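J.: Chains as they are written, first to last, in my numbering: chain Z, 1 to 313; chain V, 314 to 657. Cβ atoms here follow ideal geometry from the backbone N, Cα and C, with glycine treated the same way. Remember, predicted model here, so these are calculated numbers, not experimental data. Here you go, one structure.
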């Protein structure tokens, strides 16, 4: 969905494309033909397909997990790290990271924080509600390049949402990957997302799980401190390690500094950035980071490709 | 493709025929300025003009364009809308046409935007060679005095008659059907060539760019930390007037509304501008380009560097409209380039 025209289907540069009802080579009356074309069958970059919410569950006070099924019955067919544009007809569209791995079939997960019109409205929807979905859009986490290697996942707060799609992909294909280290940092224990799953990751013998909160509470007995305080706890092989970093804008610079201090090279650090994404297809301009579009050149970026972009971090 | 002659009289007859056959938009007088508007009578057409108030881009890429229609009761349905109304636009200057070509390329790139492309295919363009430039124009410095593609017909006034060049099969077809053309003599074509050559000097001398067009991308790119941006943007209103009148600006917002009975609605796109404060603001409140100077600088970088890197052309055609429209007089690219060059 949302593929628009495929690579092989481009219009030639000149002359401009003919309208569908104009035959090839035929001279038609350009002045009288046409009118408003209701292109229902025509592929529009902006036409969502219908989908149904099959399950909802609260994650925190402001975040909710939605399980979504496309009405066509098809799988979304996304790669870890991509996002979709969710339509609430009459209210608007919002870009949301896909939180489930593509190895989960039949439905996909969206973990949504209520911040604006669309997300607040989604929070009020129950199972059975119909929404629109465009996508998947954007670049994906390097699930191929990291095969056989060690992966250090560094997720801050809501950054866990897209990272989870990659973590679960790796865990579903565990033997294809080497060491899996997960760092998760939340502001407070109550703001931790996917608490049950965090517990499962912690229990696994093939996962090294470390967690911290900025501020603890009376029931919290784990680490207290910002996410960078987890770095001294591990030893890594810089020649073999990829570092995946996702979190609030302020986090990146500090975490990347820690990764570089452990000698992880720039080209093995990947970040997923957020910007104001509207069209999702690189046309409307809102998500520009200097000369790149976050929606189509990102949201996942290889750090070495964006370190020179002044607006990136 | 082909050259022929239309006398002044025959051009009038041709245009009047086009008016009876379909929608025609033409450049007309608007008090002491000129503007494109629906042409009811050929006598309103004023092909001899300096610059149109706003570019003809609005007939190819309108301010408001419906993208979808949907209904929510009794069941949810959504369908794509592509408005492609045939229209003939008469009087487009080369620099405005160059901008349209840049828009064509942008919307076609990566994932072709059929909403734009279908509408573009339905627009017939009759371009006209300028006889004079506005006092703000600097298109002579921006390699925008001549355009080889994008027009169906190109008219050049050689005195009492026009040389008509066809650019597409559609243009040839229109001439065949509705125009009485004569053969162009060698003398006619020589007159036309003379006019072509005069275009590179048609803009005012003081509007010549301080740097050559070739230098511009590197000049702008190397000036990211320059104080010029902040100094200019000190007086910036963030009003977006520069964006509003620019032939190459295309950023848009997407909005929607429902009918009062909440049963149906539509989604559309509407012009937006990177100079406006909330352009890069997200739901959480974070604004990725909060400072006016950053927004002001971004527009120059986009047109002079990023799009140049992507498509090989600077995306400013020197129409001079932003220079004229900017109330605090800081948007003028000639001024900005001069200041950047002076820093070297």
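For residue 67(Z), write down the residues that DSSP places opposite it in a beta bridge.
T.: As a first step, residue 67(Z) is located in the first chain; it is residue number 67 there, counting from the start. Looking at the DSSP assignment, residue 67(Z) forms a beta bridge with 55(Z) and 109(Z).
J.: What are the residues of the segment 542-571 of chain V that lie near chain Z, defined by any Cβ-Cβ distance shorter than 7 angstroms?
T.: Residues 564, 565, 566, 567, 569 and 571.
J.: Inspect the beta-carbon positions of residue 98(Z) and residue 112(Z) and report whether they are closer than 8 angstroms.
T.: By 1-based counting over the first chain, the position of residue 98(Z) is 98. By 1-based counting over the first chain, the position of residue 112(Z) is 112. Result no, Cβ atoms of residue 98(Z) and residue 112(Z) do not sit closer than 8 angstroms.
J.: At what residue ranges does the segment 435-491 of chain V contain a whole run of the alpha helix (DSSP H), taking only runs of 4 or more?
T.: DSSP runs (the alpha helix (DSSP H)) wholly in the segment 435-491 of chain V: 482-491.
J.: Within 8 angstroms of any Cβ in chain V, is that where the Cβ of residue 169(Z) sits?
T.: Here residue 169(Z) refers to the residue found at position 169 when the first chain is read from its first residue. Taking Cβ atoms only, chain V never reaches closer than 8 angstroms to residue 169(Z), which makes this a no.
J.: Three or more C-beta pairs closer than 8 angstroms, one from the segment 540-554 of chain V and one from the segment 57-75 of chain Z: is that the case here?
T.: Counting Cβ pairs under 8 angstroms, fewer than three are found: no touch.
J.: Give the C-beta separation of residue 536(V) and residue 380(V) to the nearest angstrom, bearing in mind that I take them to be a contact with Cβ-Cβ under 8 angstroms.
T.: Position 223 of the second chain, counted from the start, is the residue given in the question as residue 536(V). Position 67 of the second chain, counted from the start, is the residue given in the question as residue 380(V). Wrong, their Cβ atoms sit about 38 angstroms apart, outside the cutoff.
J.: I want to know whether the segment 416-431 of chain V touches the segment 595-615 of chain V - three or more CB-CB distances under 8 angstroms.
T.: The answer is no - the segment 595-615 of chain V does not touch the segment 416-431 of chain V, with fewer than three Cβ pairs under 8 angstroms.
J.: Is it buried or exposed, residue 345(V), if we count other Cβ atoms within 10 angstroms and call 16 or more buried?
T.: Position 32 of the second chain, counted from the first residue, corresponds to residue 345(V). It is exposed - the Cβ of residue 345(V) has fewer than 16 other Cβ atoms within 10 Å.
J.: What are the boundary residues of the beta strand (DSSP E) that residue 315(Z) is part of?
T.: A query on residue 315(Z) cannot be resolved here, the shown segment of chain Z reaching from 1 to 313 and no further.
J.: Tell me, please, whether the CB atom of residue 395(V) is closer than 8 angstroms to any CB atom in chain Z?
T.: Along the second chain, one-based indexing puts residue 395(V) at 82. Yes, residue 395(V) lies at the interface with chain Z (some Cβ there is under 8 angstroms from its Cβ).
J.: Identify which residue in 193(Z), 188(Z), 147(Z) and 114(Z) has its Cα closest to the Cα of residue 162(Z).
T.: In the first chain, the residue the question calls residue 162(Z) occupies position 162. Among 193(Z), 188(Z), 147(Z) and 114(Z), the Cα nearest to that of residue 162(Z) is on 193(Z).
J.: Grab the span of the beta strand (DSSP E) containing residue 98(Z) for me, first residue to last.
T.: Residue mapping note: residue 98(Z) aligns to position 98 of the first chain, counting from 1. Where residue 98(Z) is concerned, there is no enclosing beta strand (DSSP E), given that its DSSP letter is neither H nor E.
J.: If you measure from the beta carbon of residue 500(V) to each beta carbon in chain Z, is any gap under 8 angstroms?
T.: By one-based count along the second chain, residue 500(V) stands at place 187. No - not a single Cβ of chain Z is within 8 angstroms of the one on residue 500(V).
J.: Just verifying my parser: in three-state terms, what is the DSSP assignment at residue 276(Z)?
T.: If you number the first chain from 1, residue 276(Z) lands on position 276. It is coil, neither helix nor strand.
J.: Quick check: is the beta carbon of residue 130(Z) nearer than 8 angstroms to any beta carbon in chain V?
T.: For the purposes of this step, residue 130(Z) is taken as residue 130 along the first chain, with counting starting at 1. Interface residue, yes.
J.: If you reduce the DSSP assignment to three classes, tell me which class residue 305(Z) lands in.
T.: Here residue 305(Z) corresponds to residue number 305 of the first chain, with the count starting at 1. Looking at residue 305(Z) - three-state DSSP - the assignment turns out to be helix.
J.: Looking at chain V, which residues of the segment 172-193 of chain Z have a Cβ within less than 8 angstroms of any of its Cβ atoms?
T.: Taking 8 angstroms as the Cβ-Cβ cut-off against chain V, none of the residues of the segment 172-193 of chain Z qualify.
J.: Is the CB of residue 76(Z) under 8 angstroms away from at least one CB in chain V?
T.: What you label residue 76(Z) is simply residue 76 of the first chain in a count that begins at 1. It does not; no Cβ of chain V falls within 8 angstroms.
J.: Would you please verify whether the beta carbon of residue 587(V) is less than 8 angstroms from any beta carbon of chain Z?
T.: As a position in the second chain, residue 587(V) is number 274, starting the count at 1. With 8 angstroms as the cut-off, residue 587(V) counts as an interface residue toward chain Z.
J.: Measuring only the C-alpha atoms, how far is residue 591(V) from residue 506(V)?
T.: The residue you call residue 591(V) lines up with position 278 of the second chain. The residue you call residue 506(V) lines up with position 193 of the second chain. C-alpha separation (whole angstroms): 48 angstroms.
J.: Measuring CB to CB, does residue 428(V) end up less than 8 angstroms from residue 378(V)?
T.: Taking the first residue of the second chain as position 1, residue 428(V) is located at position 115. Taking the first residue of the second chain as position 1, residue 378(V) is located at position 65. Against a cut-off of 8 angstroms, the Cβ pair of residue 378(V) and residue 428(V) comes out as a contact.
J.: Does any residue of chain V bring its CB to less than 8 angstroms from the CB of residue 295(Z)?
T.: On the first chain, position 295 is the one that residue 295(Z) refers to. Chain V, which has no Cβ nearer than 8 angstroms to the Cβ of residue 295(Z), makes this no.
J.: Return the CA-CA distance between residue 626(V) and residue 589(V), expressed in angstroms with no decimal places.
T.: The residue labelled residue 626(V) in the question sits at position 313 within the second chain. The residue labelled residue 589(V) in the question sits at position 276 within the second chain. Their backbone Cα atoms lie some 25 angstroms apart in a straight line.
J.: May I have the straight-line CA-CA distance separating residue 531(V) from residue 498(V), to the nearest angstrom?
T.: Within the second chain, numbered from 1, the residue matching residue 531(V) stands at position 218. Within the second chain, numbered from 1, the residue matching residue 498(V) stands at position 185. Cα to Cα, the separation comes out at about 45 angstroms.
J.: Among the residues of its own chain, which have a CB less than 8 angstroms from the CB of residue 338(V), if the five just before and after it don't count?
T.: For this step, residue 338(V) is matched to residue 25 along the second chain. Only 349, 350, 351, 352, 369, 372, 400, 401, 402 and 403 meet the Cβ criterion.
J.: Look at residue 44(Z) and residue 525(V) and say whether their C-beta atoms are less than 8 angstroms apart.
T.: Within the first chain, the letter at position 44 stands for residue 44(Z). Within the second chain, the letter at position 212 stands for residue 525(V). Cβ atoms of residue 44(Z) and residue 525(V): not closer than 8 angstroms.
J.: Cβ atoms of residue 630(V) and residue 452(V): under 8 angstroms apart, would you say?
T.: As a working note, residue 452(V) is residue 139 in the second chain. As a working note, residue 630(V) is residue 317 in the second chain. Against a cut-off of 8 angstroms, the Cβ pair of residue 630(V) and residue 452(V) comes out as a contact.
J.: I think residue 103(Z) touches residue 242(Z), with their Cβ atoms under 8 angstroms apart; what is that distance to the nearest whole Å?
T.: Working through the first chain from its first residue, we reach residue 103(Z) at position 103. Working through the first chain from its first residue, we reach residue 242(Z) at position 242. Not really, about 19 angstroms apart at Cβ, beyond 8 angstroms.
J.: Show which residues of chain Z have a CB atom less than 7 angstroms away from the CB atom of residue 594(V).
T.: As a working note, residue 594(V) is residue 281 in the second chain. Here the neighbours are 276.
J.: Just verifying my parser: in three-state terms, what is the DSSP assignment at residue 201(Z)?
T.: For the purposes of this step, residue 201(Z) is taken as residue 201 along the first chain, with counting starting at 1. In this structure, residue 201(Z) counts as helix in the three-state DSSP scheme.
J.: Rounded to whole angstroms, how far is the Cβ of residue 325(V) from the Cβ of residue 355(V), which I believe are closer than 8 angstroms?
T.: Position 12 of the second chain, counted from the first residue, corresponds to residue 325(V). Position 42 of the second chain, counted from the first residue, corresponds to residue 355(V). Confirmed, about 5 angstroms.
J.: So, is the C-beta of residue 619(V) closer than 8 angstroms to a C-beta in chain Z?
T.: If you number the second chain from 1, residue 619(V) lands on position 306. Judged by the 8 angstroms Cβ criterion, residue 619(V) is in contact with chain Z.
J.: Identify every run of the alpha helix (DSSP H) within the segment 538-621 of chain V, keeping only runs that are complete inside it and at least 4 residues long; order them along the chain.
T.: Whole alpha helix (DSSP H) segments, 4+ residues: 541-546, 554-557 and 605-614.
J.: What first and last residue would you give for the beta strand (DSSP E) that runs through residue 184(Z)?
T.: As a working mapping, residue 184(Z) is identified with position 184 in the first chain. Note, residue 184(Z): beta strand (DSSP E), 180-186.
J.: Using the C-alpha atoms, what's the distance from residue 168(Z) back to residue 603(V)?
T.: Here residue 603(V) refers to the residue found at position 290 of the second chain. Here residue 168(Z) refers to the residue found at position 168 of the first chain. Taking the straight line joining both Cα atoms gives about 36 angstroms.
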